[in-house]
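The structure appears below as structure tokens.
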Amino acid sequence: MQLARPSALLTLFLASISMLTPACDSDSSGSAGSTTTSNGGNGGSGATATGTAGSGAGGTATGGTGTGASSTGTTTGTGAVGGFVEVKCVNQTYQCGDAIDNDGDGLTDWTDPDCLGPCDNTEDSYYTNIPGGDGPACTVDCYWDSNSGAGNDECYWSHQCDPNEQTDPGHPEPNSVCPYDLNAQIPGTPLGCDELLQMQSQTCYDVCKPLTPNGCDCFGCCELPAGTGKFVWLGSKDEATGLGSCTQDAINDPTKCEPCIPVPGCYNGCDPCELCIGKDTLPPECNPGGTGGAGGTGTGGTGTGGSIGTQCPPGVQACGLPGQALCPPDFYCITGCCIENVPK
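Just add 1 to the spot in the sequence shown (first one is 1) and you have my numbering.
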């Protein structure tokens, strides 16, 4: 088939990204408490309950003699060190899963914005720095798992497909080693640049997509600063030292955080009511508080608190905001949602 020109690739990408970002769902409100009536005596009243960022009202009693106790919906988790538990990357423990504040900034593991999963061995940059994490020049696979090579995740991409390679010295990698070529032969797959841009394998979606932070694609190309439409490759390195160079302080420096185009076929967008890389707060209309508390119980009614917001998909525990519980063992808080620890 005829491969797309660079301008067509970019146009196709922008159109695809616009389709990946639905509006924030509307908030849910708590249900009103029920009431009961008894005869005789002076009536007591049930207490009013509030949930953490919920909106439920407690029940009101009109008879009886008791006064209900109020409750709130906040819960806390426990762990080995200050509430944190060790989370492994397969059978290895790296800095972002060791329950230690390795860079001394007062932020441990997933609370440190430089930590993007348990397979991340740096707390001071976006570069993962795990043994075997770097693949051959140009070829990239799942950035968020425990190794290089697409053999176990079947995610395929090449920086030779990136139009940024046309501008010297080339991005995300030097074009002296990754010359721009839409007809590049990508090891492990018969598919070309235009096909991989739009679609990855089901195995890639199953293995890599759950580990991919909001605002990033499977290959480490992320929107930074959040909401700007500017994308940088987190695997950027200083060519002289071989060390990772992309940090929070350097996201506007293209020599340290190399520009890239994300792959729409494996892109995890950042919806308005989601946390994402570079975005650690939500607007008030998103109701991020989780479940509300139970209403007071007297000789009267009961009330229920507000419902979960749209921070995470249904059935996935929200995390990372004040008042939200820690993730259970073998889960990791990735951009506001508890994700089961499944790196391969």
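C-beta: ideal position from N, C-alpha, C; glycine also.
**Message:** Could you tell me the alpha carbon to alpha carbon distance between residue 207 and residue 213, rounded to whole angstroms?
**Reply:** Rounded to whole angstroms, residue 207 to residue 213 spans 11 Å at the Cα level.
**For residue 338, three-class secondary structure by DSSP** = strand
**Asked** Whose CA, out of 241, 187, 266 and 323, lies closest to the CA of residue 137?
**Response** The option with the nearest alpha carbon to residue 137 is 187.
**Request:** For the segment 176-239, list the alpha helix (DSSP H) runs that are entirely contained and at least 4 residues long, ordered along the chain.
**Result:** 194-199 and 203-208
**Prompt:** What number of angstroms, rounded off, separates the C-alpha of residue 392 from the C-alpha of residue 239?
**Reply:** Nothing can be reported for residue 392: it is not among the residues displayed for the chain, which extend from 2 to 345.
**Request:** Could you pull out every residue in the same chain whose Cβ sits closer than 6 Å to the Cβ of residue 338, ignoring the five residues on either side in sequence?
**Result:** 313 and 317
**Neighbourhood of residue 117 by C-beta, 6 Å cutoff - its chain only, sequence neighbours within 5 removed** = 214
**Cross-strand partners of residue 93 (DSSP beta bridge)** = 90
**Request:** Could you have a look at residue 165 and say whether DSSP puts it in helix, strand or coil?
**Result:** helix
**Request:** On a CA-only basis, which of 211, 175, 113 and 142 is nearest residue 197? Give me that one, please.
**Result:** 142
**Message:** With DSSP as the reference, identify every bridge partner of residue 159, one or two as the case may be.
**Reply:** 140
**Asked** What are the residues that DSSP puts in a beta bridge with residue 269?
**Response** In the DSSP output, where bridge partners are listed per residue, residue 269 has 217.
**Message:** Taking its Cβ as the centre, do 16 or more other Cβ atoms sit within 10 Å of residue 60, making it buried, or is it exposed?
**Reply:** Low confidence applies here, because residue 60 scores a pLDDT of 38, under 50, leaving its location unreliable; read the following figure in that light. It counts as buried.
**Prompt:** To the nearest angstrom, how far is it from the Cα of residue 1 to the Cα of residue 234?
**Reply:** Outside the shown range of the chain (2 to 345) lies residue 1, about which nothing can therefore be said.
**Prompt:** Helix or strand or just coil, what does DSSP make of residue 118?
**Reply:** coil
**Prompt:** How many Å lie between residue 125 and residue 131 at the Cα?
**Reply:** 14 Å
**Message:** Given a cut-off of 8 Å on the beta-carbon distance, is the pair residue 260 and residue 232 in contact?
**Reply:** yes
**Asked** residue 76: buried (16+ other C-beta within 10 angstroms of its C-beta) or exposed?
**Response** In this prediction, residue 76 scores a pLDDT of 31, lower than 50, which makes its location untrustworthy; no coordinate-derived value is stated.
**Prompt:** Among 158, 97, 144 and 146, which has the Cα closest to the Cα of residue 266?
**Reply:** 158
**Prompt:** Under a Cβ-count criterion, where at least 16 other Cβ atoms within 10 Å of its own Cβ denotes burial, should residue 225 be classed as buried or exposed?
**Reply:** buried
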